[in-house]
Amino acid sequence: MPLWTLRGLGQGKATTGWPKDPAAHGQQGTIGMPSVGADRCTEDCHRCADACPTQAITLDTRGHLETLDYGRCVNCQLCVETCPAGTLQPGSEWAFGVRDRVDLQWSLDPDPRPPEVRLASHIERSFRGSLHVRHVDAGSCNGCESELQALNNPFYNLHRLGIFFTASPRAADLLLVTGTVTTGMHEPLLAAWEAMPEPKRVLACGTCAVSGGVCGGTETSGHGLEGVLPVDVWLPGCPPNPAAIIEALLMLLERKPQRIHGGRVHER
Amino acid sequence: MSVRLQMLVLDAAALESRVEQLLADGGRMQMAYAWRSAPDAIEVRYLAAPAAGQPFEVWCVRPVDDALPSLATRAPLLGWYEREMQDLHGLSFRGHPEPHPLVIDRSNGMPRAPLVLPEAVDPQAQWLGFGPVRADVMESGQFLFLYIGEAIVHYVPRLFLKHRGMEARFEGLSPTHGCVLAERVSGVGSVAHALAYCQAVEHAAGCEVPRRARQWRVLVAELERIYNHLHYFGALADATTLKVGQAEGRLLEERAKQLAGQLTGQRFMRNVLCPGGLRREMVVPPGWPEHLLALRKEVEGYLAQLERTTSYLDRLITTGVLPREVAFDQGATGPIERASGLDRDLRRDHPYAAYDELTVPVPLAESGDAHARAKVRAAELLASFDLLEILLPRLATGPCRVACEAPPGSFGLGWAETPRGSLYYAVHVGPDGALARVKVKSPSFSNWRAFPFTVHQTNMMDYAINEASFGLTIAGCDR
């Protein structure tokens, strides 16, 4: 045992400086959600909508890209690979956490509604010190769990941010749900929610929990959390990487601003 | 390519003697599934692996009045497949030793996993339920222990609460979209699922994948094994309360996933494979092989340190013993069966992708305990680094994709040796060219069937370590 302690000490610090150091998120080389480039559709090609396995794309009467719902996107890149005009491009953005589901919807004519401004004073006092999270797998592929488990590895070291996973829902502030909400997990999910004390929040983690993704729509699979629980933060991604999950958690705590509005990145 | 499989049409009455003959000749059943070739015509297909060196056999059998004789008393591993067909396809199997539902029970309004508990005869014995929502970040599954004090008398895992109906979800999709879905059956097996699926479609289409694509498939499949096995050691160190060992295992896993992200653009290496080869031209980033080599050095040091840690070894040796014959009968696969002395590995026995140009070592152990399972995985982990080091300088140039169109009415079978064992995809293409039926036989479906045999008559203290030593996923099993 002492040998392990020495070994660990000998290896020095493994934890990333992110989010303070903006480049050290550990996701270098990964491809984000598709982005809509400056070039617009020139032909009536339908290819992106046909290629999308989750019907996340709709076209206008001319057959041009009209809306893109990131809440349905599983980041399979098929639309990007098939687009002849460069309208859809490989994106660099992977952190898509939003408070309002409609903010995941990109459309050609964006809603004139300005990005919502929330003041730090809105933070509920009860969540200011630390956040305790109860995770429930409501029918995932285990990809989200793999990334959630990674949050506690020494690289991301979630504890340093005052965020902890807790065993009992009675000690939890946040219910973090993955998966499509299968018929088998519907009741246990609601039981965990019921057992949590007020105030309590819900984070839909991964495209399955947001909309059912590519796995929804069978007799037993469900369609995600819409209409099941009141969701406070929607985080699509298939799966969202650990840094994207941390961004969403910090956004929930209002320690980071929401960056995505109307399916577009708005830096402040 | 040599003959991959033989198709045989059998009479229902000939099934039992055929299975007995297969077992007597040193073969083993692999899976069974039902499919409707027409609205009123159902067929059951059995996949058999005769003795080493021979091609697979697919037995096509027409049930009589939606019934077949159960083969579960002769080949117990078929018990779960028969029950699944009972639940999902309305077939019945005469003489089944455990005829109750397995995957779905529709009797209580909502279709969901049944709960079937044997009756406790000892009045002192009590049931302890655990899950489906378990401590920490875990997949959902409910575990029931019939116990007296610390002793577990009987153990029942209630799985399939996460049953998403993934096989049904494939139906009607185009073969291209099918690959996106296959990558999401079991997230930590994304590459293996895509690979087995693509190979099934390619078999149906009769297309030959270019060498460069086959080599890249091995590259990403072995990298998937590396991050999964590293995850396994982190979890095993956690179960044996070796905190620094856990942290180091998790960190090494993270490094492997970051390397995967740099190589393919996605940490689970999704969006790389497609029927016919690779989705796009792939390039090894500069400096990447050196990072892999550096990771290997750290992994070697880590594994050696684990093997020198007596508190860890004490808790693994003799824990959760899976005897060789139980492993064989119940269908254990992958590192689990190899740790119980069964010498099988699809990469060597039925080579696919570019494994025919590599020598795949198949590490074995005999004792069948948690330590044997860890030793087999440690040796496999290092062997995967070896394979990558041989493959990287050898990557061929040339095309990475050919046209692949599976004709209407065609059938294909694909397989892969995942980090957890054998995975099969059977693909039937409908008259419109869309997927008509896809069967997924995941390794965890096989290993969950075998696992309870190592829990009955053991004790509570060993359970978590034993479960970690199996390295199971629930998503793959439940589908």
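Line by line, the protein sequences are chains C and G. Counting in our numbering, the first sequence runs without a single skipped number right up to 1185 at its last residue. Counting in our numbering, the second sequence runs without a single skipped number right up to 595 at its last residue. The beta-carbon is built from N, C-alpha and C at its ideal position, and this holds for glycine as well.
Excluding the 5 residues flanking it on each side, Arg-371(G) has same chain C-beta neighbours closer than 6 Å at Leu-411, in chain order.
Around the CB of Asn-1158(C), 16 or more other CB atoms lie within 10 Å, so the residue is classed as buried. Within the model, the alpha-carbon separation for Arg-924(C) versus Ala-267(G) is close to 37 Å.
In the DSSP assignment, Phe-286(G) falls within the unbroken alpha helix (DSSP H) covering 282–286. Not a single CB atom of chain G sits nearer than 9 Å to the CB of Leu-1146(C). Identification of chain C residues near Gln-382(G) by a Cβ-Cβ cut-off of 7 Å yields Thr-947, Ile-948, ordered along the chain.
Along the stretch 1100–1131 of chain C, the positions whose C-beta sits under 9 Å from a C-beta of chain G are Thr-1100, Gly-1101, Met-1102, His-1103, Glu-1104, Pro-1105, Leu-1106, Ala-1108, Ala-1109, Cys-1125, Gly-1130, Val-1131, read in chain order. Separation of the CB atoms of Asp-252(G) and Phe-1082(C) is rounded to 6 Å, and the pair is thereby assigned contact status at 8 Å. Secondary structure in the stretch 1040–1071 of chain C: the beta strand (DSSP E) runs of 3 residues or longer, each lying completely within the stretch, are 1048–1054 in chain order.
Counting only runs of 3+ residues, the beta strand (DSSP E) found wholly inside the stretch 492–562 of chain G occupies 527–534, 537–545, 551–557, in chain order. Taken through DSSP and simplified to helix, strand or coil, Met-398(G) comes out as coil. Put simply, the backbone Cα of Gly-265(G) is about 20 Å away from that of Gly-247(G). At a Cβ-Cβ threshold of 9 Å, Arg-228(G) and Gly-1133(C) do not count as neighbours. Looking at the DSSP output, Trp-332(G) shares a beta bridge with no other residue.
Pro-1156(C) sits buried, since 16 or more C-beta atoms from the chains shown fall within 10 Å of its C-beta. Between the C-alpha atoms of Lys-373(G) and Arg-366(G) there is a straight-line separation of about 10 Å. Neighbours of Pro-1071(C) across chain G, judged by C-beta separation under 9 Å: Ala-363, Glu-364, Arg-366, Leu-367, Glu-370. Nearest Cα to Gln-258(G) within the set Val-232(G), Gln-446(G), Arg-280(G): Val-232(G). Here DSSP, grouped into helix, strand and coil, assigns Tyr-271(G) to strand. One finds Val-360, Glu-364, Gln-421 in chain G with Cβ atoms closer than 8 Å to the Cβ of Arg-924(C), taken in chain order.
Around the C-beta of Thr-570(G), 16 or more other C-beta atoms lie within 10 Å, and the residue is accordingly described as buried.
The beta carbon of Phe-261(G) lies closer than 6 Å to those of Leu-244, Ile-268, Tyr-271 in the same chain, with the five residues before and after it left out.
The beta-carbon separation of Thr-189(G) and Arg-328(G), rounded to 48 Å, does not stay under the 8 Å limit for a contact. Contact with chain C is found for Ile-590(G), since one of that chain's Cβ atoms lies less than 9 Å from the residue's Cβ. Distance from the Cα of Lys-555(G) is smallest, within the candidate group Asp-127(G), Pro-568(G), Trp-196(G), Leu-529(G), for Leu-529(G). Contact fails between the stretch 411–429 of chain G and the stretch 447–457 of chain G, because fewer than three Cβ pairs, one in each stretch, are under 8 Å apart.
Boundaries of the beta strand (DSSP E) around Leu-1120(C): 1118–1122.
Taking 8 Å as the cut-off between beta carbons, the residues of the stretch 217–239 of chain G near chain C are Ile-220, Met-226, Pro-227, Arg-228, Ala-229, in sequence order. For Gln-374(G), the closest Cβ of chain C is nearer than 9 Å. Residue state for Phe-259(G) is assigned as strand, using DSSP reduced to three classes. DSSP, reduced to helix, strand and coil, places Glu-1010(C) outside both helices and strands of the structure shown, so it counts as coil.
Relative to Ser-306(G), the option among Val-1098(C), Ser-1063(C), Cys-1122(C), Pro-1114(C) whose CA is nearest is Ser-1063(C).
Using a 10 angstroms sphere on the CB of Val-125(G), the tally of other CB atoms stays under 16, which defines it as exposed. When the Cα atoms are used, Gln-315(G) and Trp-1011(C) turn out to be separated by approximately 31 Å.
The count of Cβ pairs closer than 8 Å, one atom from the stretch 939–959 of chain C and one from the stretch 1005–1020 of chain C, reaches three, so the stretches are in contact. The three-state secondary structure of Pro-405(G), taken from DSSP, is helix.
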